[in-house]
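Student: Going down the list, the protein sequences come from chains B and Z.
According to full-length UniProt numbering, the first sequence holds residues 1 to 572 in order.
According to full-length UniProt numbering, the second sequence holds residues 1 to 572 in order.
Below is the structure I would like to discuss, written out as C-alpha cells.
Number of protein chains: 2
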Amino acid sequence: MPYRAPLDEYRLLLDHVVGFDRVAATDRFAEATPDVTAAILSEAGRMCEDVLAPLQRAGDLHPAKLENGIVRTSPGFAEGYKAIAEGGWVSISAPPEHGGMGLPMTLTTAVNEMMSAACLSLQLNPLMTQGQIEALDHHASDALKAIYLPKLVSGEWSGTMNLTESQAGSDVGALRTRAEPIGDGAYAITGQKIYISWGDNDFTANVCHLVLARLPDGKPGTKGISLFLVPKFIPDADGEPGERNALSVVSLEHKMGLHGSPTAVMQYDGATGWLVGEEHDGMRAMFTMMNNARLGVGGEGIGAAEGAYQHALAHARERVQGRSPVEGGTGTIIDHADVRRMLLEMKAEIFAARAIALACAVAIDMQTATDDAAWAARAALLTPIAKAFGTATGMSVAETGIQVHGGMGYIEETGAAQFYRDVRVTAIYEGANGIQAMDLVGRKMMDGGDAALALLDELEARGRDARGALADLAEPVLAASSALREGVEWLAGQTEMNARFAGAAPFLRAFARVLGGHYHLAAAMACGEGSAQAALARVYIMRMLPEHAALLAAARQGAADLYALDVEDMAR
Amino acid sequence: MPYRAPLDEYRLLLDHVVGFDRVAATDRFAEATPDVTAAILSEAGRMCEDVLAPLQRAGDLHPAKLENGIVRTSPGFAEGYKAIAEGGWVSISAPPEHGGMGLPMTLTTAVNEMMSAACLSLQLNPLMTQGQIEALDHHASDALKAIYLPKLVSGEWSGTMNLTESQAGSDVGALRTRAEPIGDGAYAITGQKIYISWGDNDFTANVCHLVLARLPDGKPGTKGISLFLVPKFIPDADGEPGERNALSVVSLEHKMGLHGSPTAVMQYDGATGWLVGEEHDGMRAMFTMMNNARLGVGGEGIGAAEGAYQHALAHARERVQGRSPVEGGTGTIIDHADVRRMLLEMKAEIFAARAIALACAVAIDMQTATDDAAWAARAALLTPIAKAFGTATGMSVAETGIQVHGGMGYIEETGAAQFYRDVRVTAIYEGANGIQAMDLVGRKMMDGGDAALALLDELEARGRDARGALADLAEPVLAASSALREGVEWLAGQTEMNARFAGAAPFLRAFARVLGGHYHLAAAMACGEGSAQAALARVYIMRMLPEHAALLAAARQGAADLYALDVEDMAR
Chain B
1 MPYRAPLDEY
11 RLLLDHVVGF
21 DRVAATDRFA
31 EATPDVTAAI
41 LSEAGRMCED
51 VLAPLQRAGD
61 LHPAKLENGI
71 VRTSPGFAEG
81 YKAIAEGGWV
91 SISAPPEHGG
101 MGLPMTLTTA
111 VNEMMSAACL
121 SLQLNPLMTQ
131 GQIEALDHHA
141 SDALKAIYLP
151 KLVSGEWSGT
161 MNLTESQAGS
171 DVGALRTRAE
181 PIGDGAYAIT
191 GQKIYISWGD
201 NDFTANVCHL
211 VLARLPDGKP
221 GTKGISLFLV
231 PKFIPDADGE
241 PGERNALSVV
251 SLEHKMGLHG
261 SPTAVMQYDG
271 ATGWLVGEEH
281 DGMRAMFTMM
291 NNARLGVGGE
301 GIGAAEGAYQ
311 HALAHARERV
321 QGRSPVEGGT
331 GTIIDHADVR
341 RMLLEMKAEI
351 FAARAIALAC
361 AVAIDMQTAT
371 DDAAWAARAA
381 LLTPIAKAFG
391 TATGMSVAET
401 GIQVHGGMGY
411 IEETGAAQFY
421 RDVRVTAIYE
431 GANGIQAMDL
441 VGRKMMDGGD
451 AALALLDELE
461 ARGRDARGAL
471 ADLAEPVLAA
481 SSALREGVEW
491 LAGQTEMNAR
501 FAGAAPFLRA
511 FARVLGGHYH
521 LAAAMACGEG
531 SAQAALARVY
541 IMRMLPEHAA
551 LLAAARQGAA
561 DLYALDVEDM
571 AR
Chain Z
1 MPYRAPLDEY
11 RLLLDHVVGF
21 DRVAATDRFA
31 EATPDVTAAI
41 LSEAGRMCED
51 VLAPLQRAGD
61 LHPAKLENGI
71 VRTSPGFAEG
81 YKAIAEGGWV
91 SISAPPEHGG
101 MGLPMTLTTA
111 VNEMMSAACL
121 SLQLNPLMTQ
131 GQIEALDHHA
141 SDALKAIYLP
151 KLVSGEWSGT
161 MNLTESQAGS
171 DVGALRTRAE
181 PIGDGAYAIT
191 GQKIYISWGD
201 NDFTANVCHL
211 VLARLPDGKP
221 GTKGISLFLV
231 PKFIPDADGE
241 PGERNALSVV
251 SLEHKMGLHG
261 SPTAVMQYDG
271 ATGWLVGEEH
281 DGMRAMFTMM
291 NNARLGVGGE
301 GIGAAEGAYQ
311 HALAHARERV
321 QGRSPVEGGT
331 GTIIDHADVR
341 RMLLEMKAEI
351 FAARAIALAC
361 AVAIDMQTAT
371 DDAAWAARAA
381 LLTPIAKAFG
391 TATGMSVAET
401 GIQVHGGMGY
411 IEETGAAQFY
421 RDVRVTAIYE
431 GANGIQAMDL
441 VGRKMMDGGD
451 AALALLDELE
461 ARGRDARGAL
471 ADLAEPVLAA
481 SSALREGVEW
491 LAGQTEMNAR
501 FAGAAPFLRA
511 FARVLGGHYH
521 LAAAMACGEG
531 SAQAALARVY
541 IMRMLPEHAA
551 LLAAARQGAA
561 DLYALDVEDM
571 AR
C-alpha cells in the first residue's frame with residue numbers, strides 16, 4: 001500500500017491558515033522562502049513515499065530483537081535510516097553552526113509527520129535525536145556541543161531520552177537513578193530506566209542517552225534531578241566512538257504495536273556521563289527536549305491518521321459491495337453515505353489536527369525568531385493540545401480506518417490494523433494525554449487564560465471576515481469560539497486546582513475542536529465557496545464541531561461528582 | 001487478573017430498570033422467579049470467574065492453529081468448553097423439549113456477557129451454537145430438529161454461521177455458493193465461505209454449519225438464497241457422527257485479536273446438506289440467527305468492557321504515582337481526578353450499554369411470551385442499538401482501560417491491550433456497526449418511528465416520576481429525550497433514504513445516549529438520592545449525556561454534504 005505525501009494540504013495550511021508567512025518574514029528564517037519550503041517538503045515527501053513506506057510492514061512483522069545484548073533492527077531499517085540521515089531530515093531545524101539547516105520547526109513538523117505516516121516505528125528514532133539536539137544546543141557546555149552536536153545533526157549518532165523508572169512514570173520526581181561525581185566534570189550513573197524508545201540500534205555508530213538522575217546532594221522530588229549525557233561509546237580524543245560505556249540493554253518490551261521500534265529497559269552500572277545544564281536543574285533541560293518531542297508525538301498521531309486514511313480510501317475506492325445508492329457513482333462502497341461519512345470525517349479531523357500542530361510550530365518559530373513572550377506563551381499553550389489531539393486523532397482515525405475495511409480490517413495482512421496498534425502508544429508516551437490536559441488547565445492557564453484568549457481574539461477577528469462570503473460556516477464557528485471563551489474564563493477562575501483537573505481532558509478536546517473550526521473556516525475562505533475545501537469545512541463544522549458544547553459542559557462540572565462514589569463503590 | 005461477575009448490577013437492572021418482572025409474570029417464563037434468576041446468574045458467574053477467566057491470556061498467547069487440516073484449539077479451551085456445556089450455559093433459553101432450560105433470553109444475555117468478559121474468544125463458540133439452535137427451532141423440519149437439536153443443546157455438537165464470501169460481505173446477496181438437489185431431500189453444497197468463526201474445533205464431536213447457498217433456480221440477489229445445514233460428520237442412523245462430509249478448513253485468518261477463536265476459510269466440495277426453511281427463503285431463517293447473534297455480539301462488547309474496566313480499576317487502586325490531590329485519599333492514582341473520571345465514565349458507559357442490551361432481551365422475551373407485535377417491534381428496534389452501542393462501548397472502554405494503565409497498558413503482558421485488540425472485531429462482525437445504523441434508520445423506521453416513540457413515551461413517563469426526588473437528574477434526561485423524539489420524527493419524515501443513511505451512525509449513538517440517560521435515572525430513583533448509583537447516574541447525565549445534542553445535529557444533516565466532494569477531491 002503506497003503512501004502519498006499530502007503536499008497540497010501543507011501548502012494551503014502554510015499559506016492561508018497558520019500564518020507561516022510571518023515566520024518567513026523574520027530575519028532568523030529569511031531562508032524559508034516559498035521555493036525552499038516547497039522543495040524541502042516535496043523532497044522529504046518523495047523519500048517517505050519511496051524509501052520509508054515500504055518498510056512499514058517489515059517493522060511490524062519482524063520486530064527489533066535483542067540478541068546477546070545487541071539490538072538487531074527490522075529488515076531495511078538500517079537503509080531507511082541512512083536515507084533519513086543523508087537527506088538531512090534529522091536536522092532541518094538544527095543549528096547551522098553544527099551542520100543543521102536552521103530552517104523553521106514548522107518544516108520539521110511537516111516532515112516528521114510524513115515520516116510518521118510512512119513508517120512510524122523508524123521515524124521515532126530521529127524524533128528522539130531532534131529533541132536531544134535541541135536540549136544540548138540550549139543547555140550543554142560548548143565542549144559537549146562541539147563533540148556531540150555535529151554527530152547527532154549528521155545522523156551518524158542517535159539520541160534517546162531516559163526519564164521513566166518502574167516507580168517513576170508520570171511522577172518523574174520519584175526516580176532513583178544516582179549520579180556520583182568522579183572528577184574531570186564526569187559522573188558515574190547508576191540505575192535502571194524503562195520504556196526507552198530506540199534505546200539501542202545496529203545502524204548508528206553511537207547512541208547518546210540523556211539520563212535524569214539524582215546527585216548525592218539532590219533533594220527528593222523534581223527539584224533534585226540533574227540531566228546527564230551518557231554515550232554508549234565514550235568519544236575518544238578525536239571525538240570518535242571509543243571505549244564501551246558501562247550501560248546495557250536488559251530487555252526489549254513486547255508491545256501491542258510499534259514493533260520496529262525497540263523499547264528498552266536500560267541498565268546503567270556506574271556509566272560515565274556529563275552534566276547538561278546546571279546541577280539539580282535537569283527538569284528544565286529535559287522540558288526543552290520534551291516540548292519538542294510532544295509536538296513531534298502529536299505529529300506521529302497525525303501521520304498515522306493520514307496513513308490510515310489513505311489506506312481506507314484506497315480500499316473504499318476498490319471494494320464493490322451492493323448497489324450504489326447514488327446515480328453516477330463509482331460502483332464501489334465509497335458511494336455509500338455511511339462510508340463516505342467515515343472517510344470525510346477522517347479527512348476533516350486530520351486537517352484540524354494538522355493545522356493545530358503547524359500553528360504550534362509557527363508559534364515556536366516566532367518565539368525563536370522574535371524572543372517575544374507572547375509567542376512563547378502561545379507555543380506553550382498549543383503544545384499539549386497538539387500532542388493530545390494529534391494522537392487522539394491518530395487513534396480515532398485508525399479505528400475508523402479498520403471499520404471502512406470491514407472484516408478485512410481485522411486481518412493483519414491488510415495493514416489497517418497496524419496503524420491502530422502502532423498509534424495507540426502515542427497517546428501515552430511523552431506525557432500521557434491526561435497529563436497534557438492537566439498541563440493545559442494548570443500551568444498553561446496560570447496566566448489567567450491570557451494566552452488562550454489572545455489566540456481566540458486573533459482567530460475570531462479572522463472568522464468575522466468570513467461572515468460575508470461564508471456566513472453559514474462562520475456563524476457556528478464564532479458561536480463555538482464564544483462558548484470556548486466562556487469555558488476558558490470559567491476555568492481560569494477556578495482556584496481549586498482539582499476542579500480544573502476534573503474537566504481537563506474534555507476541555508482540551510473542546511479547545512481543539514474549536515481551533516479546528518477556525519482553521520477549517522480559514523481554509524474555506526482561502527479556497528472559496530464551492531471549493532472542495534469549503535465542502536470539507538462544512539462536514540467538519542456541521543457534523544463535528546457541535547461536539548464542543550458537550551465537551552465544555554463536561555469540562556465545567558468541577559471535581560465533586562468524581563469523588564461522590566468511593567473506591568469500594570467503584571468496585572461494586 | 002481475576003474477573004468478578006457483576007451480580008449486584010444485574011439484580012438492580014432486572015428488578016428496577018429494564019422491567020424483567022413483566023417477563024417473569026408471563027406464563028411462558030413463570031419459572032424465572034427471583035430465586036431461579038439469582039441462582040442462574042451466580043452459578044454462571046462463578047464458572048466464569050473460576051474456569052473461563054484463567055483461559056483468557058492462553059487464548060491470546062497460543063492461538064488456535066490449523067495442522068494438517070485439523071484445528072487445534074488453545075490450551076485449556078477444551079476443558080473450558082466442557083464446563084460451559086455441562087453447566088448448561090449453551091442452552092439456558094433453548095427449548096425444553098430438546099433439553100434446554102427454556103428460560104428467558106434476558107438471562108442468556110447476562111450469562112453470555114459474563115462469559116465474554118471472562119474469555120471472549122471461547123464464548124463466541126456457544127454464542128454461534130445458540131443462534132443455530134434458534135434458527136433450527138424456528139425453521140427446520142421436525143426430522144432435522146430431532147437429530148440436531150439435542151446434540152446442539154447439550155453442547156456435544158457446536159454450530160457456525162456461513163454467510164460471507166470474498167465478494168459477498170455486507171452484500172450477502174452477491175454470494176456464489178451453489179446447492180444442487182441430490183435426492184432424498186439432500187443437497188450438494190459447493191463453494192467457499194470466509195470469516196467463519198469457530199469453523200472447526202477439537203472438542204465437539206461434530207460441527208454443524210448453517211450455509212447460505214443458491215439453488216439452480218435461485219434468482220440473483222438475496223431473494224434467491226436458501227439455507228442449508230451442513231454437518232462436518234453426517235449423522236448415522238443412530239444420530240451419531242458418521243461419515244466425514246466433503247468440507248474442509250482451508251486456512252485460519254491471522255487476526256489482530258481474538259486469537260483463541262479460529263476464524264476459518266471453509267471449503268465445501270459437494271458437501272451434503274439439508275434445507276432449513278423454504279427454498280429461496282434462506283435470508284429469513286438466517287435473520288432469526290443473526291438477530292440473536294447481534295444481541296449476543298453487543299453483549300460481547302459489554303463483557304469486554306467490563307473486563308477492561310475491572311482490570312483498569314485494579315491497576316488504579318495499586319499504582320502509586322505522585323502525591324494525592326485529595327485529603328484522605330488512598331495514595332494511589334485513583335485519587336487523581338482525571339483517572340477517576342476515566343474509570344467512572346467507563347463504569348457509567350457499561351451500565352448504559354448493559355441496560356440497553358437487557359432491555360432488548362426483555363423485549364425479545366415478551367415477544368416470545370405474548371406474540372404481541374408491539375414487543376416484536378421493540379425488540380427489532382433495540383437489536384441494532386444494542387449491537388452497535390455495546391460494541392462501541394467495548395472499544396471505547398478498552399481504549400480508556402489502556403490509558404489508565406499508562407505505559408504498562410501498551411505492554412502485552414499487562415493484559416489491557418488484549419481487551420482492546422479482541423473487542424475490535426465485535427464492531428465489524430454480525431453486521432458492521434454502520435449496517436446496524438442503516439437497519440435502525442431504514443427497516444426499523446418503516447413504521448414511521450412508532451416503535452421508537454412508544455419506547456420514549458414509556459421511558460419519559462417514568463422519567464417524569466423522578467422529577468420530584470431527583471429533579472436535577474430528571475430534567476436533563478427529559479430534555480434529551482425530547483430532542484431525540486424530534487430527531488426520530490425528522491428522520492421518519494425523510495422519504496429520501498440516503499438522507500437517513502447519512503445520519504444513521506450518529507443517530508444510533510444519540511438514541512443509545514438518551515436510553516442510557518433514562519436507564520441511569522431509573523436506577524438512581526430505585527437506589528435513592530445520595531446512593532452510589534445516583535452518583536454514577538450524575539456522572540453519566542452531566543458529563544456524557546450532553547453528547548446527544550451534537551450527535552443529533554450530525555444525524556440531521558442530510559446526505560448532500562457527503563457528496564459535495566468528489567472522490568478525486570477526497571484523494572487530494
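Positions of the beta carbon are idealized from the N, C-alpha and C atoms, including for glycine.
Model, not experiment: these values are computed from the prediction.
Can you check which of these residues, G329(Z), R378(Z), Q367(Z) and A312(Z), is closest to M1(Z) by C-alpha distance?
Tutor: Checking every option, the nearest Cα to that of M1(Z) belongs to A312(Z).
Student: Quick one: is L344(B) near chain Z, going by C-beta distance under 8 Å?
Tutor: Chain Z, which has a Cβ nearer than 8 Å to the Cβ of L344(B), makes this yes.
Student: Within 8 Å (strictly less), CB to CB, does R341(B) reach chain Z?
Tutor: At least one chain Z Cβ lies under 8 Å of R341(B).
Student: Kindly give me the distance between the Cβ atoms of L7(B) and L52(B), rounded to whole angstroms, as I take these residues to be in contact under 8 Å.
Tutor: In fact, because the Cβ distance is near 16 Å, the residues do not count as touching under 8 Å.
Student: What residue range is occupied by the uninterrupted alpha helix (DSSP H) comprising C527(Z)?
Tutor: Its alpha helix (DSSP H) spans residues A504 to C527.
Student: When the distance is taken between beta carbons, is Q310(Z) closer than 8 Å to Y3(Z)?
Tutor: For Y3(Z) and Q310(Z), yes; Cβs fall inside 8 Å.
Student: Measuring straight from C-alpha to C-alpha, what distance separates D450(B) and V71(B)?
Tutor: Those two C-alpha atoms are separated by around 48 Å.
Student: Does the separation of the CB atoms of V207(B) and S158(B) fall below 8 Å?
Tutor: Result yes, Cβ atoms of V207(B) and S158(B) sit closer than 8 Å.
Student: Suppose the cutoff is 6 Å on Cβ atoms and the five residues either side in sequence are ignored; what does the same chain contact list for G102(Z) look like?
Tutor: Here the set comprises P96.
Student: By how many angstroms is the C-alpha of S226(B) removed from the C-alpha of E279(B)?
Tutor: Cα to Cα, E279(B) sits roughly 5 Å from S226(B).
Student: What's the gap between the Cα of I40(B) and the Cα of L107(B)?
Tutor: In a straight line, the C-alpha of I40(B) is about 8 Å away from that of L107(B).
Student: Less than 8 Å between the beta carbons of A5(Z) and C48(Z), yes or no?
Tutor: Result yes, Cβ atoms of A5(Z) and C48(Z) sit closer than 8 Å.
Student: As an exercise, report each continuous beta strand (DSSP E) stretch of at least 3 residues that is fully enclosed by the segment 196 to 242 of chain Z, in chain order.
Tutor: Counting only runs of 3 or more, we get 206 to 214, 225 to 231 and 233 to 235.
Student: Going by DSSP, which residues form a beta bridge with P181(B)?
Tutor: BP columns for P181(B) point to Y187(B).
Student: Pick from A505(B), D465(B), E430(B) and T414(B): whose alpha carbon is nearest that of A523(B)?
Tutor: Of the listed residues, the one whose Cα sits closest to A523(B) is D465(B).
Student: Report yes or no: is there a C-beta of chain B within less than 8 Å of the C-beta of D422(Z)?
Tutor: It does not; no Cβ of chain B falls within 8 Å.
Student: Return helix, strand or coil for A271(Z), following the three-state DSSP convention.
Tutor: A271(Z) falls in the strand class under three-state DSSP.
Student: Can you check the segment 276 to 325 of chain Z for any alpha helix (DSSP H) of at least 4 residues that lies completely inside it and give the ranges in chain order?
Tutor: Here the runs fully enclosed are 282 to 318.
Student: For T164(Z) versus S197(Z), is the C-beta distance shorter than 8 Å?
Tutor: Taking 8 Å as the Cβ cut-off, T164(Z) and S197(Z) do not qualify as a contacting pair.
Student: How should E399(Z) be labelled, buried or exposed, when 16 other C-beta atoms within 10 angstroms of its C-beta is the threshold for buried?
Tutor: Buried.
Student: Should D15(Z) be flagged as near chain B, meaning a C-beta pair shorter than 8 Å?
Tutor: Chain B contact via Cβ: absent.
Student: Between G69(B), V23(B) and V514(B), which lies nearest to D371(B) when the distance is taken from Cα to Cα?
Tutor: Cα-wise, what sits closest to D371(B) is V23(B).
Student: Counting only Cβ pairs nearer than 8 Å, list the residues of chain B close to A559(Z).
Tutor: Those within 8 Å of A559(Z) in chain B are A337.
Student: Based on DSSP bridge pairs, tell me the residues matched to T263(Z).
Tutor: Answer is S197(Z).
Student: Taking Cβ-Cβ distances below 8 Å as the criterion, which residues of the segment 33 to 67 of chain Z are in contact with chain B?
Tutor: The residues in question: there are none.
Student: Which parts of the segment 49 to 127 of chain Z are runs of the beta strand (DSSP E), unbroken and 3 residues or longer, counting only runs that do not cross its ends?
Tutor: Whole beta strand (DSSP E) segments, 3+ residues: 65 to 67 and 70 to 72.
Student: How would you call D200(Z), buried or exposed, if buried means at least 16 neighbouring beta carbons within 10 angstroms?
Tutor: Buried: at least 16 other Cβ atoms inside 10 Å.
Student: According to the neighbour-count rule (16 or more other Cβ atoms, all chains shown, within 10 Å of its Cβ), is M446(Z) buried or exposed?
Tutor: So M446(Z) ends up on the exposed side.
Student: Which residues, in chain order, does the UniProt domain "Acyl-CoA oxidase/dehydrogenase middle" (161 to 269) of chain Z contribute to contact with chain B at a C-beta distance below 9 Å?
Tutor: Taking 9 Å as the Cβ-Cβ cut-off against chain B, the residues of the UniProt domain "Acyl-CoA oxidase/dehydrogenase middle" (161 to 269) of chain Z that qualify are T164, Q167, A168, G169, S170, D171, G173, A174, I194, Y195, E253, H254, K255, M256, G257, L258 and T263.
Student: Determine the chain B residues that contact F501(Z) at a beta-carbon separation under 8 Å, and present them in chain order.
Tutor: Simply P325, H336, A337 and D338.
Student: Report the residue from L455(Z), A44(Z), E496(Z) and G503(Z) whose alpha carbon sits nearest the alpha carbon of L562(Z).
Tutor: Of the listed residues, the one whose Cα sits closest to L562(Z) is G503(Z).
Student: Who are the near neighbours of H98(Z) in its chain, counting only those whose CB is closer than 6 Å to its CB and skipping five residues on each side?
Tutor: For H98(Z), where only same-chain residues beyond five positions count, the Cβ hits under 6 Å are L149, P150 and V153.
Student: To the nearest angstrom, report how far apart E345(Z) and L124(Z) are at their CA atoms.
Tutor: Distance between the alpha carbons of E345(Z) and L124(Z) is about 27 Å.
Student: Would you call the CB atoms of A188(Z) and I194(Z) closer than 8 Å?
Tutor: Cβ distance not < 8 Å, so A188(Z) and I194(Z) don't count as in contact.
Student: Determine the extent of the beta strand (DSSP E) in which I247(B) is found, giving its start and end residues.
Tutor: For the sequence presented, residue 247(B) should be read as Leu rather than Ile. Here the beta strand (DSSP E) through L247(B) covers L247 to L252.
Student: Determine the burial state of K347(B): buried for a count of at least 16 other Cβ atoms within 10 Å of its Cβ, exposed for fewer.
Tutor: By the neighbour-count rule (16 or more Cβ atoms within 10 Å), K347(B) is buried.
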